[in-house]
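Residue numbers (the numbering used here): 1160 to 1401.
Some notes on the structure that comes next.
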């Protein structure tokens, strides 16, 4: 038998396992933490995208529906005045472009480096392209008359929006933006063949794609455990934690 007295606790000897340390190094906990951080980054970008889709869904569908309803041969269910439809459409589209600039430039806020630069370029590209097609359209209206401009402006702005969403798909790898951009470019190519006011009806139908994209994005945010309106992580319920 050994005459060595037992070591009292805390006097050295083999270290006892630290439950907190083992808990912190648990691989499952580490993976859960990494997954939560990835969801937080995704939500940082998805939340403004959901707002962007929702704003354009209202502006595009309502604006073009009113224009389609302002002309003979358009909406068979109700009519609105041409002046009211024109002003409402202008305000809706102008507000949506402004919102796109603000949201786009803020998408990289809080993230340094390349993401911040990408967000800024994306936001201001909306302004640059919209201004360019607007100036070109005013010249065409002066030279070619209202019928030319009536066909040009809807398709021109659909090309701008479609190109910007394809741009966004390339930057942030969102399939919804890829699909939405493709739909808008297809509508821009098809709508002029419907004439006036048919071109407005085609564009109103294309606007439904914005609403679908918004719903898909909001569902993805909720699936990731985020509040779509505020972008905050929702605390899981006790049953979900188990």
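Built from N, CA and C at the ideal position, the CB exists for glycine as well.
Where residue 1252 falls, given that 16 or more other Cβ within 10 Å makes a residue buried: For this step, residue 1252 is matched to residue 93 along the chain shown. Buried, by the Cβ-count rule.
Outcome for residue 1207 when other beta-carbon atoms lying within 10 angstroms are tallied against a minimum of 16: Mapped onto the chain shown, residue 1207 falls at position 48. With 16 or more Cβ atoms within 10 Å of its Cβ, residue 1207 is classed as buried.
Backbone secondary structure at residue 1255 - three-state DSSP: Position 96 of the chain shown, counted from the first residue, corresponds to residue 1255. If DSSP states are grouped into helix, strand and coil, residue 1255 belongs with the helices.
Every unbroken beta strand (DSSP E) inside the stretch 1207-1231 [3 residues or more]: none
Every unbroken alpha helix (DSSP H) inside the stretch 1285-1333 [4 residues or more]: 1305-1331
Contact under 8 Å by Cβ, residue 1343 with residue 1281: Along the chain shown, one-based indexing puts residue 1343 at 184. Along the chain shown, one-based indexing puts residue 1281 at 122. Taking 8 Å as the Cβ cut-off, residue 1343 and residue 1281 do not qualify as a contacting pair.
Buried or exposed by the 16-neighbour rule on C-beta atoms within 10 Å, applied to residue 1289: By 1-based counting over the chain shown, the position of residue 1289 is 130. When all chains shown are included, residue 1289 counts as buried.
Beta-carbon spacing of residue 1405, residue 1348 below 8 Å: No statement about residue 1405 is possible, as the shown extent of the chain runs from 1160 to 1401 and does not include it.
Residue 1319 to residue 1382 span [Cα, whole Å]: The residue given as residue 1319 occupies position 160 in the chain shown. The residue given as residue 1382 occupies position 223 in the chain shown. Going from the Cα of residue 1319 to the Cα of residue 1382 covers about 31 Å.
Residue 1263 classed as buried or exposed, judged by whether at least 16 other C-beta atoms fall within 10 angstroms: To locate residue 1263, count along the chain shown from 1; it is residue 104. So residue 1263 counts as buried.
Residue 1238: first and last residue of the uninterrupted alpha helix (DSSP H) it sits in: Residue numbering aside, residue 1238 sits at position 79 when the chain shown is read from its first letter. It is not in any alpha helix (DSSP H) - residue 1238 carries neither H nor E in the DSSP assignment.
8 Å contact criterion, which residue 1259 and residue 1211 should meet: CB distance rounded: Residue numbering aside, residue 1259 sits at position 100 when the chain shown is read from its first letter. Residue numbering aside, residue 1211 sits at position 52 when the chain shown is read from its first letter. Residue 1259 to residue 1211, Cβ: 6 Å. Contact.
N- and C-terminal bounds of the alpha helix (DSSP H) containing residue 1363: Residue numbering aside, residue 1363 sits at position 204 when the chain shown is read from its first letter. From DSSP, the alpha helix (DSSP H) with residue 1363 extends over 1354-1365.
Residue 1233 vs residue 1356 beta-carbon contact at 8 Å: Position 74 of the chain shown, counted from the first residue, corresponds to residue 1233. Position 197 of the chain shown, counted from the first residue, corresponds to residue 1356. Yes, the Cβ-Cβ distance between residue 1233 and residue 1356 is below 8 Å.
Residue 1316 and residue 1292 closer than 8 Å at C-beta: Position 157 of the chain shown holds residue 1316. Position 133 of the chain shown holds residue 1292. Yes; because the gap between Cβ atoms is below 8 Å, this pair is in contact.
Spatial distance of residue 1322 from residue 1236 (CA atoms): Numbered from 1 along the chain shown, position 163 holds the residue referred to as residue 1322. Numbered from 1 along the chain shown, position 77 holds the residue referred to as residue 1236. The straight-line gap from Cα to Cα measures roughly 33 Å.
Contact under 8 Å by Cβ, residue 1219 with residue 1369: The residue given as residue 1219 occupies position 60 in the chain shown. The residue given as residue 1369 occupies position 210 in the chain shown. Going by C-beta atoms, residue 1219 is nearer than 8 Å to residue 1369.
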